[in-house]
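Undergrad: Take a look at this one; I'll ask things after.
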Amino acid sequence: GIQVEQSPPDLILQEGANSTLRCNFSDSVNNLQWFHQNPWGQLINLFYIPSGTKQNGRLSATTVATERYSLLYISSSQTTDSGVYFCAAEDTGTASKLTFGTGTRLQVTL
Amino acid sequence: EPEVTQTPSHQVTQMGQEVILRCVPISNHLYFYWYRQILGQKVEFLVSFYNNEISEKSEIFDDQFSVERPDGSNFTLKIRSTKLEDSAMYFCASRGVNPTAEAFFGQGTRLTVV
């Protein structure tokens, strides 16, 4: 099955800083999603982005499907951005499941 | 905004007991999933369900587990004879008519087996 790797595993930022999180995947994808897991464990949908670029406020994401990677940009980070960011990919086989990466744990400090 | 709802949010059970985790997917969705996340680890796929049958299951989803859509709205995961290692956060997810569309996740049920 598809392999999904994320980097960096951990990231500490000061409030106001920008960051880039990376997700590499091993096969062509039907679906690529980014999630934020908050301190209560909830998975919050950030982006559905199998290809192209999307923006939502201070967050944006780009997936370059031909090169098998996706990037999540966080600008002007806030303490509420803290948590774990997961990307998840679904390969182009029969529509089935998302395979999650191991996540990037982000801590934003004052 | 439509959302996937899971109950209970927390459940503590004794080893060997049966538990049923409940999910109400988004109403016009056709594809349903269960995932789990052991504390500190990544989210893992358990099972997918479409047209009233299992379409795929992982190695984790052994005979101890079963899923059911008993009516038009609920989707349940039953764990028979729970083990300590079943302690995890369990997430339900659903997708619409297009099987490659965005998946939406519930808030999770934290299961603790003691």
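Residue numbers (our numbering), protein chains in the order written: chain A, 48 to 157; chain B, 11 to 124. All residues carry an ideal CB built from backbone N, CA and C; glycine is no exception.
1) Is it buried or exposed for residue 92 of chain B, if we count other Cβ within 10 angstroms and need 16 for buried?
2) If we count Cβ pairs, one from each stretch, closer than 8 Å, do we get three or more for the segment 74 to 88 of chain A versus the segment 23 to 34 of chain B?
3) For residue 95 of chain A, which residues in chain B fall below 9 Å Cβ to Cβ?
4) Quick one: grab the DSSP three-state call for residue 127 of chain A.
5) Quick one, are the C-beta atoms of residue 51 of chain B and residue 118 of chain B less than 9 Å apart?
6) Closer than 7 Å by beta-carbon distance: list the chain B residues that pair up with residue 143 of chain A, in chain order.
7) Do you know offhand how far residue 42 of chain B's Cα is from residue 123 of chain A's?
8) Going by the beta-carbon positions, is the gap between residue 72 of chain A and residue 116 of chain A smaller than 9 Å?
9) Between the segment 67 to 95 of chain B and chain A, which residues of the former have a C-beta closer than 7 Å to a C-beta of the latter?
10) With 16 other CB atoms within 10 Å as the buried threshold, where does residue 108 of chain B fall?
11) DSSP beta-bridge partners for residue 25 of chain B?
12) For a test of the three-state rule: what should DSSP assign to residue 81 of chain B, helix, strand or coil?
13) Short check: CB of residue 155 of chain A to CB of residue 61 of chain A, under 9 Å?
14) To the nearest angstrom, how far is it from the Cα of residue 70 of chain A to the Cα of residue 90 of chain B?
15) Bridge partners of residue 59 of chain B, per DSSP?
16) Using C-beta distances below 6 Å, list every residue in its chain close to residue 74 of chain A, excluding the 5 sequence neighbours before and after it, in chain order.
17) Beta-carbon of residue 153 of chain A versus every beta-carbon of chain B: anything under 9 Å?
18) Where does the unbroken beta strand (DSSP E) through residue 50 of chain A begin, and where does it stop?
19) With 16 as the cutoff for other CB atoms within 10 Å, does residue 56 of chain B come out buried or exposed?
20) In chain A, which residues lie less than 8 Å from residue 42 of chain B when you measure between Cβ atoms?
TA: With the structure as the only source:
1) buried
2) no
3) Listed along chain B, the residues sitting closer than 9 Å to residue 95 of chain A by beta-carbon distance are 111, 112, 113.
4) In this structure, residue 127 of chain A counts as helix in the three-state DSSP scheme.
5) no
6) 58, 65, 66
7) 36 Å
8) Yes, the pair counts as a contact, with Cβ atoms nearer than the cut-off.
9) none
10) exposed
11) As DSSP reads the structure, residue 25 of chain B sits in no beta bridge.
12) coil
13) Yes.
14) 36 Å
15) In the DSSP output, where bridge partners are listed per residue, residue 59 of chain B has B:42, B:64.
16) Within the same chain, and ignoring the five residues on either side of residue 74 of chain A in sequence, the residues whose Cβ sits closer than 6 Å to its Cβ are 49, 138.
17) no
18) It is not in any beta strand (DSSP E) - residue 50 of chain A carries neither H nor E in the DSSP assignment.
19) buried
20) What residue 42 of chain B touches in chain A: nothing, since even the nearest Cβ is about 11 Å away.
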